[in-house]
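Taking it in order: structure first as structure tokens, then the write-up.
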Amino acid sequence: MGDYVLLAISAILVNNILLIQYLGNCPFLGTSKKMDTAVGMAMAVVFVLAMAGIVTWVLEVVFLKPLGLEYMRTIVFILVIAALVQFVEIFLKKSMPALYAGLGIFLPLITTNCAVMGVCLINIKEEYNFVEMLVSSIAYPAGFGLALILFAGLRERIIIGRVPKPMEDTAIALVTAGFMSLAFIGFNGMI
Amino acid sequence: MLEPLLLMLALGAVSGTILGIASKVFYVWEDPRIAEVEDCLAGANCGACGYTGCSACAAAIVEGRAPASACIVGGATSATKAAAVMGMEVGAAEPLISENTCTGGFRAPEKYYYMGVNDCRAAYMLYAGAKDCGVGCLGFGSCVKACLFDALKLGPEGFPVVDIEKCVGCGACENACPKGIMQVRTPSERILHVNLNTDRLAPCRQTCPAEINIPKYINHIKNGEYDKAYLTIMERNPMPLSIGRVCPHPCEDACRRATGDDAPVSINQLKRFCSDWVFDNNMPIDLSVAPDTGYRVAIVGGGPSGLSAAYFLRRLGHQVKIFEWMPELGGMIYYGIPEYRLPKAILGKDVQRILDLGVEVKTGVKFGVDFNLESLVGGGYDAVVMSIGAWNHASARIPDEDKVKGVIPATIYLRRQGLGQDNPIGKRVGVIGGGNVAMDALRTSVRLGAEKVYCLYRREIKDMPANHVEIEACQHEGIEFITLCSPTKFVTDDEGNLTGIEYLKNELGEPDASGRQKPVPIEGSETVLELDNFVIAIGQKTDSAFADEEGTAVSRIDTFKGALVVNADTMQTTVPYVFSSGDSAGPPGLLVGAVGAGRRAARGIHKYLMREEMVFPDARLRVDSRRMTGHIPGTIFESVEGIQKKGRIGQPELEPGSYERQHTVAEVDLTVTEEDALKEANRCMRCCLTCYNSDT
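Here it is in structure tokens:
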């Protein structure tokens, strides 16, 4: 049990997918201007990653490894994740219209998100068993959500601040992200 | 090599099959029009419509929760297409345009030195911002940051400037501004707006009975944008060519320049200059007309107030028809103001511009004779404006004034002139009265060949209500003023022809209700003045005899001393669908006042027809432009700092004593030159509530 908690803390804080691994930057910058959008995005990522983690792990264990086709991993995962997200969208629209409306336009946005891809690949690389994979697939996007929501809060304040002209918008956002990243490095060695 | 290929093929096939099946199994019926409407929208997913993305907006349009014109970026094009999909007519949707209403900027004094975050909303949290003016722009440009379309810039003077070409009217700037300075409005909303004491209004703009945005149009003239100046005027006054010639300009009495300089800015001459320029150069003028509302309004009386009401009602989207009893439109300013002051051709241009908007006209029909309220209602009209003017003259209370030959009421005297009829007049003419009509009668007499023209008035020249320039012009033309006199009886020959008038001299007593001293006749001071003709010009009344007819709808309209009783704000009479404005709705007043009342009547009718709140907001600004009272507190200054005396431009006129001036009806006052107009425009300090541009 303790291992799983450690794994979760490691995924959320120490190896934060956004600020330490620097994966998933497009939505990090693109959807962090408003708190509402950031929350929606975070939820969608948790949801999709949990699904994608399971499917890709099963695929790896059942097909790729036995067939010795590990080198095909990246391209296979892209295809499968894209198809999965489309399927989930169709499914939700029919079965859970409320959740579909909540996730809105964010679902298709993360079809080919590198954070999703990254976590799936990490799961394989670290040779997690099924439960570990499950914890990792939920904890990493939770870390993603944490960083994104914190960052959105900062950006909402920065936007009313005195920012020099050349540093406006994305430039200052990247600098801010850098500082956040430095702060998160502080968790290094915690585990 | 074969395995990976097979794997990919298999995966692709499986994924495709699953998705294909899923899309059938989990098929959700969606209105096919949603996809069609979505194709019509801009596709920018910008959210300016208030929905999350274009598909949500399209769904809202199809479900009827949003209008077909919901897509702001797509504008009229997408609205038309979306409406076509939905099978309805959108009409030409009215464009929403943002406007900055504060011109304070850097010149606005500050209460304290603010060093906080560079944002209006942040600055506003500290005692509503550092600017002294409670409703002034804070100048940090929150609106500029909020604009997604690059249509707003912080101008060089420290307040935002809207780029009309780029503005889509999304309203982001209005939402961002903590002080409500950015206002995104349709042309109709601008027409319906009345001056409020929370608005940012210069003293002149507060005083103008038509509420014209004077500093704005003078600033346009300063920048050489004469057509924009004209359009600014047209937002409040549809007859600038005429009013630019005859207005007694109460606005100039409130001009802040006059406090520090010798004279106020010559506002009316500038109005005349830019309007003349637009017509002389045949500038294309695009006046927006709102989509058809389906309502029809009848205007009874095509005078200034009726024309003004017709113009504004038409622009608000109603169908308008004017019924006029005389052969020409223009009412008292056509038949009352002489040619040398307001040429008929000039007035005709103003009228034509109004008619060009699609206003119908029927002349030669008289209310109460050829038609009445019942026939108008039966003819499908939803509301009626009674702007029938004041064509009856007030009595001078001299015995036998309607029997003696040679005694003429000024209205008839001037109307004959306006109709081009024979107007025989003797060598010696006397006119009683001190108003502008009296001045018109006097100066017309000079042009008709009278050798000796007298103005009889019961008080002194300084008490005359006529325009100062008019009195001066009379003096230039050799008219003699006999003041402090009260005519008592006519002197006639055996055939009843007028040969003279006997009058008593007056002395001034206690001040009366108008604040002027009351004239008291002196016993035994009888004097006789030899005259061939005597013109009575001491006031006019509305001919509302039709209201006495029992059993008709019109008899339910209350009248008071001949005038129709109206609500002064909505101009509604005691019959709900009948409105009245201009001279028929109160004591006869200024042309510019009639035009302003015409707009209020149009507003009243629009609100009545659209079932909206008719009464004015509590914050309504009520200025008495005659007594110069009721201005927003703190906006009328005792003294003004930093003003250099620049001197007002003169009024170019026909040479006094010249043949044209004395014997023809050629226009006497001329339009100023462009050079003079620019010089005068630069005297304008572009005032607002408390801000102004000082010279130093």
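Which chain is which? The protein sequence lines are L and C, in order.
Each residue of the first sequence is one higher than the one before, starting from 1 at the first, in my numbering.
Each residue of the second sequence is one higher than the one before, starting from 1001 at the first, in my numbering.
Glycine included, each C-beta is placed from N, C-alpha and C at the ideal position.
The structure displayed is predicted, hence computed values, not measured ones.
When you compare only the Cα positions, how much space is there between residue 1408 (chain C) and residue 1396 (chain C)?
-> Start at 1 with the first residue of the second sequence, and residue 1408 (chain C) comes out as number 408. Start at 1 with the first residue of the second sequence, and residue 1396 (chain C) comes out as number 396. If I take the Cα positions, the gap works out to 11 Å.
Short check: CB of residue 1233 (chain C) to CB of residue 1249 (chain C), under 8 Å?
-> Sequence index remark: in the second sequence, residue 1233 (chain C) carries index 233 (1-based). Sequence index remark: in the second sequence, residue 1249 (chain C) carries index 249 (1-based). No, Cβ-Cβ distance for residue 1233 (chain C) and residue 1249 (chain C) is not below 8 Å.
Provide the residue span of the beta strand (DSSP E) that contains residue 1442 (chain C), from first to last.
-> Numbered from 1 along the second sequence, position 442 holds the residue referred to as residue 1442 (chain C). Where residue 1442 (chain C) is concerned, there is no enclosing beta strand (DSSP E), although the alpha helix (DSSP H) it sits in stretches over 1436-1447.
Roughly how many angstroms separate the alpha carbons of residue 1697 (chain C) and residue 1254 (chain C), rounded to a whole number?
-> Because chain C is modelled from 1001 through 1696, residue 1697 (chain C) falls outside the range shown and cannot be assessed.
For residue 1362 (chain C), which beta-bridge partners are listed by DSSP?
-> Along the second sequence, one-based indexing puts residue 1362 (chain C) at 362. Bridge partners of residue 1362 (chain C): C:1323.
Under a three-way DSSP split, which group does residue 1269 (chain C) fall into?
-> Working through the second sequence from its first residue, we reach residue 1269 (chain C) at position 269. The answer is helix: DSSP assigns residue 1269 (chain C) an H, G or I state.
Would a check of beta-carbon distances place residue 1005 (chain C) closer than 8 Å to chain L?
-> One-based indexing of the second sequence puts residue 1005 (chain C) at position 5. Residue 1005 (chain C) does not count as touching chain L.
Taking only beta-carbon positions, decide if residue 1121 (chain C) is within less than 8 Å of chain L.
-> Within the second sequence, residue 1121 (chain C) is the residue found at index 121, counting from 1. So yes, residue 1121 (chain C) belongs to the interface.
What distance in whole Å lies between the Cβ atoms of residue 1354 (chain C) and residue 1310 (chain C), which are believed to be in contact at a cut-off of 8 Å?
-> Mapped onto the second sequence, residue 1310 (chain C) falls at position 310. Mapped onto the second sequence, residue 1354 (chain C) falls at position 354. Right, their Cβ atoms sit about 6 Å apart.
Is there contact between the stretch 1673-1685 of chain C and the stretch 1278-1285 of chain C, where contact requires at least three CB pairs shorter than 8 Å?
-> Because the criterion of three Cβ pairs below 8 Å is not met, the stretch 1673-1685 of chain C and the stretch 1278-1285 of chain C do not touch.
Is residue 1636 (chain C) helix, strand or coil by DSSP?
-> Within the second sequence, the letter at position 636 stands for residue 1636 (chain C). Residue 1636 (chain C): coil per DSSP, three-state reduction.
Could you pull the start and end residues of the alpha helix (DSSP H) that residue 1127 (chain C) belongs to?
-> Here residue 1127 (chain C) refers to the residue found at position 127 when the second sequence is read from its first residue. Taken as a continuous stretch (DSSP letters only), residue 1127 (chain C) belongs to no alpha helix (DSSP H), as it is neither H nor E.
Any idea what DSSP makes of residue 1629 (chain C), helix, strand or coil?
-> Taking the second sequence and counting its residues from 1, one reaches residue 1629 (chain C) at position 629. Looking at residue 1629 (chain C) - three-state DSSP - the assignment turns out to be strand.
Around the Cβ of residue 1144 (chain C), are there at least 16 other Cβ atoms within 10 angstroms (buried) or fewer (exposed)?
-> The residue labelled residue 1144 (chain C) in the question sits at position 144 within the second sequence. Counting C-beta atoms within 10 angstroms of its own C-beta, residue 1144 (chain C) has 16 or more neighbours from the protein chains shown and is therefore classed as buried.
Under 7 Å Cβ-Cβ, which residues of chain C neighbour residue 73 (chain L)?
-> Start at 1 with the first residue of the first sequence, and residue 73 (chain L) comes out as number 73. Result: empty, since nearest Cβ-Cβ is about 11 Å, beyond 7 Å.
Should residue 24 (chain L) go down as buried or exposed, given a rule of 16 or more other Cβ atoms within 10 Å for buried?
-> Mapped onto the first sequence, residue 24 (chain L) falls at position 24. Residue 24 (chain L) should be labelled buried.
Please go through the same chain and pick out, in chain order, the residues whose beta-carbon is closer than 7 Å to the beta-carbon of residue 1178 (chain C), but skip the five residues on each side of it.
-> What you label residue 1178 (chain C) is simply residue 178 of the second sequence in a count that begins at 1. Answer for residue 1178 (chain C): 1120, 1121, 1124, listed in chain order.
According to a CB-to-CB cut-off of less than 9 Å, which residues of the stretch 1034-1063 of chain C neighbour chain L?
-> 1045, 1052, 1053, 1055, 1056
Rounded Cβ spacing between residue 1621 (chain C) and residue 1200 (chain C) (contact assumed at less than 8 Å) = Here residue 1621 (chain C) is taken as the residue at index 621 of the second sequence, counted from 1. Here residue 1200 (chain C) is taken as the residue at index 200 of the second sequence, counted from 1. With a Cβ gap of about 12 Å, residue 1621 (chain C) and residue 1200 (chain C) do not count as contacting.
Straight-line Cα distance separating residue 1398 (chain C) from residue 1405 (chain C) = Residue mapping note: residue 1405 (chain C) aligns to position 405 of the second sequence, counting from 1. Residue mapping note: residue 1398 (chain C) aligns to position 398 of the second sequence, counting from 1. Taking the straight line joining both Cα atoms gives about 14 Å.
Hey, quick one: how far does the beta strand (DSSP E) through residue 1527 (chain C) stretch, first residue to last?
-> One-based indexing of the second sequence puts residue 1527 (chain C) at position 527. Where residue 1527 (chain C) is concerned, the enclosing beta strand (DSSP E) stretches over 1527-1530.
Can you give the Cα-Cα distance for residue 1090 (chain C) and residue 1079 (chain C), rounded to whole angstroms?
-> Against the second sequence, residue 1090 (chain C) aligns to sequence position 90. Against the second sequence, residue 1079 (chain C) aligns to sequence position 79. The predicted model places residue 1090 (chain C) with a pLDDT of 49, which falls under 50 and marks its position as unreliable; any figure quoted below should be read in that light. Rounded to whole angstroms, residue 1090 (chain C) to residue 1079 (chain C) spans 7 Å at the Cα level.
So, using beta-carbon positions, are residue 1605 (chain C) and residue 1300 (chain C) closer together than 8 Å?
-> The residue labelled residue 1605 (chain C) in the question sits at position 605 within the second sequence. The residue labelled residue 1300 (chain C) in the question sits at position 300 within the second sequence. Judged by beta-carbon spacing, residue 1300 (chain C) lies beyond the 8 Å limit of residue 1605 (chain C), meaning their Cβ atoms are not closer than that value.
Output, in chain order, the set of chain L residues within a Cβ distance shorter than 8 Å of residue 1118 (chain C).
-> One-based indexing of the second sequence puts residue 1118 (chain C) at position 118. Under the 8 Å cutoff, chain L gives 160, 161, 162.
In angstroms with no decimal places, state the Cα-to-Cα distance between residue 1613 (chain C) and residue 1570 (chain C).
-> Here the question's residue 1613 (chain C) lines up with position 613 in the second sequence. Here the question's residue 1570 (chain C) lines up with position 570 in the second sequence. In a straight line, the C-alpha of residue 1613 (chain C) is about 10 Å away from that of residue 1570 (chain C).
Sheet register partners of residue 1455 (chain C) (DSSP bridge) = For the purposes of this step, residue 1455 (chain C) is taken as the residue at position 455 of the second sequence. The partner list for residue 1455 (chain C) (beta bridge, DSSP) reads C:1431, C:1481.
Minimum length 4: unbroken alpha helix (DSSP H) runs contained in the stretch 1130-1182 of chain C | 1142-1146, 1172-1176
Within 8 Å (strictly less), CB to CB, does residue 86 (chain L) reach chain C?
-> Against the first sequence, residue 86 (chain L) aligns to sequence position 86. Output row for residue 86 (chain L): interface = yes.
When C:1016, C:1059, C:1021 are compared against residue 1034 (chain C), the one with the closest alpha-carbon = Locating residue 1034 (chain C) in the second sequence gives position 34, where the first residue counts as 1. Among C:1016, C:1059, C:1021, the Cα nearest to that of residue 1034 (chain C) belongs to C:1059.
Is any heavy atom in the ligand ZN found nearer than 7 Å to the beta carbon of residue 81 (chain L)?
-> Inclusion of the ligand ZN in the displayed structure is not the case, the ligand content being empty and no account of it being possible.
Can you tell me which of C:1320, C:1131, C:1454 puts its alpha carbon nearest to the alpha carbon of residue 1293 (chain C)?
-> Working through the second sequence from its first residue, we reach residue 1293 (chain C) at position 293. For residue 1293 (chain C), the nearest C-alpha among the options comes from C:1320.
DSSP state of residue 1090 (chain C), grouped into three classes?
-> Along the second sequence, read from residue 1 onward, the residue named residue 1090 (chain C) stands at position 90. Reliability fails at residue 1090 (chain C), whose pLDDT of 49 lies under 50, so the model's placement of it is uncertain and the value that follows must be treated cautiously. Correct three-state label for residue 1090 (chain C): coil.
Compute the beta-carbon to beta-carbon distance between residue 1425 (chain C) and residue 1450 (chain C), rounded to the nearest angstrom, for a pair I have assumed lies under 8 Å.
-> For the purposes of this step, residue 1425 (chain C) is identified with residue 425 of the second sequence, where counting begins at 1. For the purposes of this step, residue 1450 (chain C) is identified with residue 450 of the second sequence, where counting begins at 1. Yes, they are in contact, since the Cβ atoms of residue 1425 (chain C) and residue 1450 (chain C) sit about 6 Å apart, within 8 Å.
Report yes or no: is there a C-beta of chain L within less than 8 Å of the C-beta of residue 1090 (chain C)?
-> Counting from one through the second sequence, the residue named residue 1090 (chain C) turns up at place 90. In this prediction, residue 1090 (chain C) has a pLDDT of 49, which is less than 50 and means its spatial position is unreliable; what the coordinates show is noted afterwards. Not an interface residue.
Candidates L:59, L:110, L:144, of which the one nearest residue 1008 (chain C) by Cα | Taking the first residue of the second sequence as position 1, residue 1008 (chain C) is located at position 8. Looking at the Cα atoms, L:59 is the closest of the given residues.
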